[in-house]
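Structure record follows, encoded as structure tokens.
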Amino acid sequence: MRGTQHVGAMAWRGNRGRRTGTARAIPVLLVTAALAAAAVLASSEREIWPGLAWSLRPAVSAQPTNSPAADLFDGERGLLSRRLGLLRGFSVAAASVSAPAPALAMSRSAEERQAASIFRDATPAVVSLARGLRPGERRPRQSADESGLPVPVGSGFLWDTRHVVTNYHVVKGISNNELMLILSDSGASSDAEAPQRDVVRGELLGADPATDIAVVRLVDVEVGKDSLKRMRAKPLPHGDSILLEVGQTVFAIGNPFGLEHSMSKGIVSGIARTLDIGERPIRGCIQTDASINPGNSGGPLLDSQGNVVGVNTAILSGTGTFSGVGLAIPISTVTRTVEAIIKQGFVRRVFLGITAAPDEVSEALQVPGVIVMAVVPGSPAELAGVKAMRKGSLGDVVTAIDGETVRAGKDFFRLLDKKAPGDVVEVRVQRALRGVDEGVEELTFKAELTAKDGFKPVDAR
4 MRGTQHVGAM AWRGNRGRRT GTARAIPVLL VTAALAAAAV LASSEREIWP GLAWSLRPAV
64 SAQPTNSPAA DLFDGERGLL SRRLGLLRGF SVAAASVSAP APALAMSRSA EERQAASIFR
124 DATPAVVSLA RGLRPGERRP RQSADESGLP VPVGSGFLWD TRHVVTNYHV VKGISNNELM
184 LILSDSGASS DAEAPQRDVV RGELLGADPA TDIAVVRLVD VEVGKDSLKR MRAKPLPHGD
244 SILLEVGQTV FAIGNPFGLE HSMSKGIVSG IARTLDIGER PIRGCIQTDA SINPGNSGGP
304 LLDSQGNVVG VNTAILSGTG TFSGVGLAIP ISTVTRTVEA IIKQGFVRRV FLGITAAPDE
364 VSEALQVPGV IVMAVVPGSP AELAGVKAMR KGSLGDVVTA IDGETVRAGK DFFRLLDKKA
424 PGDVVEVRVQ RALRGVDEGV EELTFKAELT AKDGFKPVDA R
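As numbered in the numbering used here, the sequence shown has no gaps in its residue numbers, which increase by one up to the final residue, 464.
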């Protein structure tokens with residue numbers, strides 16, 4: 004290598020007036036090799052080192068004018084320009100062949116397309132429930148939305164062309180002249196800058212606090228039908244919550260924190276859960292990890308086919324926001340309740356007349372059964388002889404109904420729900436004996452169940 008370098012140097016120094024064949028050939032070959040390397044890099048390495056391949060050619064052309072390479076370019080312009088043209092053509096052609104086709108920005112998987120389709124089809128039927136402004140009340144500014152619409156307090160969905168289903172706790176405390184329904188077509192088109200909305204009046208037809216379900220009726224039928232048609236809203240199909248299995252995909256749609264028509268995805272995390280939020284436990288609830296937050300209450304829980312399998316109702320959280328455990332009332336329970344409310348305006352249940360103490364009390368006292376906290380005067384239980392807690396003394400403890408063991412409140416209500424008004428049931432209780440330490444006696448009473456009409460709106464028509 005040193006001999007070659009020396010010969011080249013001597014050739015340049017000894018022939019300043021004219022260029023020998025060796026002096027002319029070596030720089031040409033060097034520059035040609037550099038340009039070829041640049042072409043190869045430009046065509047095959049652009050994705051690996053961006054800018055490196057393209058920096059080689061400007062480096063050659065930017066040589067100082069007093070350098071040997073500049074002198075060579077000056078005397079051999081025609082030869083190099085032809086070679087450079089060929090190399091550039093090769094570089095561009097090679098780059099155009101090897102460059103990958105640009106990825107489509109909107110390409111989606113089959114699973115994503117299915118989720119988007121469920122949202123588009125279902126969201127026009129998901130309703131925002133709101134309370135209208137009362138006299139002298141100003142609309143709170145919770146966002147940058149200046150539409151003037153009332154702020155949503157919860158969610159609901161179309162059951163049929165005139166009725167909306169939601170949670171009772173969403174509409175509790177809202178009078179009929181304040182209840183507003185906000186319909187939107189936000190799922191119909193992704194190109195619209197803002198969804199089209201309609202606000203219609205609603206009225207509470209009936210509710211069942213025991214299952215936390217309420218039915219709201221559109222006040223003006225014709226206005227409601229026109230709005231539904233304009234929003235392209237159709238009642239949501241019903242699924243079968245009884246057939247649900249842990250691991251199935253589900254979607255929750257609603258208005259969390261007032262954000263209209265938000266969808267979250269999750270799975271069925273558990274089934275047959277019990278929810279204690281009212282006067283009696285709600286059995287058979289669906290547990291899901293689909294995100295549910297304040298404002299989602301009353302919205303639908305959908306399966307992977309877009310069928311309603313539950314009504315989003317509650318979360319288990321120590322902070323008030325979602326922590327991964329949401330609960331929905333199963334559609335099987337919702338259907339029985341809604342059909343009764345639409346038919347007669349309330350839910351009729353069998354009535355025994357016993358107010359049960361919370362299970363925590365029984366557990367703390369290590370009592371096996373349901374403690375009778377109160378007995379309704381004139382009820383079947385009082386007529387049968389059941390005693391309640393009084394003056395610090397423990398009342399009767401229900402341990403069985405018709406021979407089936409009662410260990411907790413959920414057993415007590417489950418057994419009563421199987422009965423009908425007019426049925427005679429045997430209630431077995433344990434009663435503490437007065438004046439005898441830890442002594443109890445076991446008694447059996449017969450009671451004829453009566454009917455009790457459920458919640459009726461005060462201003463219902």
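By construction, the Cβ of each residue, glycine as well, lies at the ideal position given by its N, Cα and C atoms.
Grouping DSSP H, G and I as helix and E and B as strand, with all else coil, what is residue i?
i       : result
Ala-113 : helix
Phe-458 : coil
Arg-49  : Residue placement at Arg-49 is poorly supported in this model, since its pLDDT is 37, which falls under 50; the coordinates still yield a value, given next. In this structure, Arg-49 counts as coil in the three-state DSSP scheme.
Ser-244 : helix
Arg-200 : strand
Ala-128 : helix
Glu-157 : Rather than Glu, the amino acid found at residue 157 in this sequence is Gly. Three-state result, Gly-157: strand.
Ser-326 : coil
Ile-121 : helix
Pro-303 : strand
Val-173 : helix
Gly-261 : helix
Gly-298 : coil
Ser-320 : coil
Val-34  : Its pLDDT being 47, under 50, Val-34 is placed unreliably by the model, and nothing is read from it.
Leu-355 : coil
Ala-217 : strand
Thr-453 : strand
Asp-292 : coil
Arg-437 : coil
Arg-5   : Residue placement at Arg-5 is poorly supported in this model, since its pLDDT is 41, which falls under 50; the coordinates are not used for a value here.
Thr-164 : coil
With a Cβ-Cβ cutoff of 9 Å, do residue i and residue j count as a contact?
i       : j       : result
Asn-315 : Gly-257 : yes
Ser-244 : Ser-335 : yes
Leu-239 : Arg-220 : no
Gly-313 : Pro-303 : yes
Lys-413 : Pro-212 : no
Pro-155 : Val-202 : no
Arg-204 : Met-183 : yes
Val-337 : Gly-457 : no
Lys-237 : Leu-305 : no
Phe-325 : Ile-280 : no
Lys-421 : Arg-352 : no
Pro-371 : Arg-339 : no
Leu-319 : Gly-309 : no
Asn-170 : Ser-300 : yes
Using CA coordinates, which residue listed in the options is at the minimum distance from residue i?
i       : options                            : result
Ile-404 : Leu-386, Ser-365, Leu-446          : Leu-446
Ile-374 : Arg-393, Cys-288, Asn-310          : Arg-393
Glu-114 : Leu-319, Phe-254, Ile-345          : Phe-254
Ser-158 : Phe-415, Pro-333, Arg-410, Phe-260 : Phe-260
Glu-429 : Ile-332, Val-443, Gly-406          : Gly-406
Gln-347 : Arg-410, Pro-460, Ser-320          : Pro-460
Leu-355 : Leu-452, Arg-410, Gly-442, Arg-434 : Leu-452
Leu-231 : Ile-185, Glu-385, Ser-265          : Ile-185
Ser-365 : Lys-390, Val-401, Pro-383, Ile-345 : Val-401
Gly-250 : Arg-200, Ser-307, Leu-418, Gln-117 : Ser-307
Thr-164 : Ala-128, Thr-358, Gly-395, Ala-118 : Ala-128
Ala-384 : Gly-395, Glu-363, Ile-357          : Ile-357
Ala-275 : Ala-293, His-166, Arg-200, Ala-331 : Ala-331
If you follow the alpha helix (DSSP H) that residue i is part of, which residue opens it and which one closes it?
i       : result
Asp-362 : 362-368
Gly-227 : 224-233
Thr-338 : 334-347
Phe-415 : 412-420
With 16 other CB atoms within 10 Å as the buried threshold, where does residue i fall?
i       : result
Pro-380 : exposed
Glu-263 : buried
Leu-133 : It should be pointed out that residue 133 corresponds to Ala in this sequence rather than to Leu. That one is buried.
Gln-290 : buried
Leu-436 : exposed
Thr-214 : buried
Gly-227 : buried
Glu-444 : exposed
Asn-180 : exposed
Ala-343 : buried
Leu-247 : buried
Ser-110 : exposed
Val-427 : exposed
Let's see if you can read the secondary structure: which residues bound the beta strand (DSSP E) around residue i?
i       : result
Pro-383 : Taken as a continuous stretch (DSSP letters only), Pro-383 belongs to no beta strand (DSSP E), being part of the alpha helix (DSSP H) at 383-387.
Glu-181 : No beta strand (DSSP E) holds Glu-181; DSSP gives it neither H nor E.
Thr-402 : 400-404
Val-375 : 373-378
Quick one: does residue i have its CB under 9 Å from some CB of chain C?
i       : result
Pro-155 : Of the chains in the structure shown, none is chain C; there is only one protein chain.
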